[in-house]
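First the structure, in the form of structure tokens, and then the observations on it.
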Amino acid sequence: MIKKRYILNFPPQSGDKAFTYHLVKDYDIRINILKAEVYPGKRGSLLLELQGKKENIEKGVEYIKSHKITCESLDKRISWKEEKCIDCGNCTAVCFAGALNMNRETWKLEFDKSNCVVCELCIPACPLNLFEIDFR
1 MIKKRYILNF PPQSGDKAFT YHLVKDYDIR INILKAEVYP GKRGSLLLEL
51 QGKKENIEKG VEYIKSHKIT CESLDKRISW KEEKCIDCGN CTAVCFAGAL
101 NMNRETWKLE FDKSNCVVCE LCIPACPLNL FEIDFR
């Protein structure tokens, strides 16, 4: 079993489809909705954590894409300019998900994208604006 996070972007015409139901029923994938922005008749975005067999997740992602829903791995939508970071730790104070931590030996910032829930609190907390998150 593996866990992987994806950002899904829905076009207006897909709002009435039960995609998550099919992922559970047809592909035996456990789903955790970490963030959602839904605008009926316009568009929608979801941050999903999928858990299941690797091959089932791959098939489930293909199913989603076949319905004209963009589906990208979360780590492709987050960027942090590590080389410019001054390791001040401001972002760690607002990161309730535990994705941002200070290494207690080196006092360098560590960013574990697999824990990120795209709350975007790190963006205003960083004095150098080193984080970019494309959820939409």
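Number 136 marks the last residue of the sequence shown (our numbering); no jumps.
Glycine included, every Cβ here is placed at the ideal spot set by N, Cα and C.
Within 9 Å, strictly: CB atoms of residue i and residue j
i, j, result
"residue 45", "residue 78", "no"
"residue 81", "residue 50", "no"
"residue 112", "residue 98", "yes"
"residue 117", "residue 34", "yes"
"residue 85", "residue 122", "no"
Reference residue i; option with closest CA among the options
i, options, result
"residue 134", "67, 74, 108, 53", "74"
"residue 12", "118, 49, 70", "70"
"residue 10", "2, 99, 40, 33", "40"
"residue 47", "130, 102, 14, 72", "72"
"residue 124", "34, 17, 92", "92"
"residue 38", "22, 23, 53, 14", "14"
"residue 4", "89, 109, 56, 66", "56"
Span of the alpha helix (DSSP H), counted from its first residue to its last, around residue i
i, result
"residue 23", "19-27"
"residue 94", "90-94"
"residue 85", "It is not in any alpha helix (DSSP H) - residue 85 carries neither H nor E in the DSSP assignment."
"residue 123", "122-125"
Residue(s) in a DSSP beta bridge with residue i
i, result
"residue 223", "Nothing can be reported for residue 223: it is not among the residues displayed for the chain, which extend from 1 to 136."
"residue 130", "In DSSP, residue 130 forms no bridge with anything."
"residue 30", "51"
"residue 103", "Bridge partners of residue 103: none, in fact."
Element boundaries [beta strand (DSSP E), containing residue i]
i, result
"residue 116", "No beta strand (DSSP E) holds residue 116; DSSP gives it neither H nor E."
Residue i Cβ short of 8 Å to the ligand COA heavy atom set
i, result
"residue 33", "In terms of ligand content, the structure shown is empty, and the ligand COA therefore cannot be addressed."
Taking contact to mean at least 3 C-beta pairs separated by less than 8 Å, is the stretch 23-30 in contact with the stretch 60-71?
yes
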